[in-house]
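K.L.:
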Amino acid sequence: MLKITKTAEGKEFCFALEGSLNTNTADEFEKELREVLPNAEALYIDLKDLTYISSAGLRVLLSAQKQMNRQGVMKVKNAGGFILETFEITGFTEILDLE
């Protein structure tokens, strides 16, 4: 299960994820992102309460990062434990702007 909390302030969007970002939940998160990305100048993704991420979740983050590289800034916040380890193993620490 994945809980997505979205906040917006102008063209700045923040998504806080809680639970598991996997094959079953990645489409839901991707749909939420697609709704805001065309208008976003800044995108923040808070992973403080994310407990698991699969390759499907990594794909969604990579896609969002590629789009935001063309139109603004994206920062991934509070990645720790298993999530940070997954980013390190997959090389995502070099791709994502982590805070």
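In this text, residue positions in the sequence shown follow the working numbering: the first is 1, and each later residue adds one.
The beta carbon of each residue, even a glycine, is placed where N, CA and C say it ideally should be.
(1) Going by beta-carbon coordinates alone, are Asn-22 and Tyr-52 separated by less than 8 Å?
(2) Taking the alpha helix (DSSP H) that Ser-100 belongs to, which residues open and close that run?
(3) Beta-carbon within less than 6 Å of Met-68's beta-carbon, same chain only, minus the 5 sequence neighbours each way: which residues are those?
(4) Starting from Leu-50, follow its DSSP beta bridges and name the residues at the other end.
(5) Excluding sequence positions up to five away, which residues of its chain have a Cβ less than 6 Å from the Cβ of Asp-97?
(6) Start and end of the beta strand (DSSP E) containing Glu-9?
P.N.:
On the basis of the coordinates in this document:
(1) Contact: yes.
(2) The structure shown has nothing for residue 100, since the chain only spans 1 to 99.
(3) Closer than 6 Å at the Cβ level, and outside the excluded window around Met-68, lie Leu-43, Met-74.
(4) Listed as beta-bridge partners of Leu-50 by DSSP are Gly-19.
(5) Apart from sequence neighbours up to five positions away, the residues of its chain that approach Asp-97 with a beta-carbon distance below 6 Å are Lys-75, ordered along the chain.
(6) Under the DSSP assignment, Glu-9 falls in the beta strand (DSSP E) whose first and last residues are 2-9.
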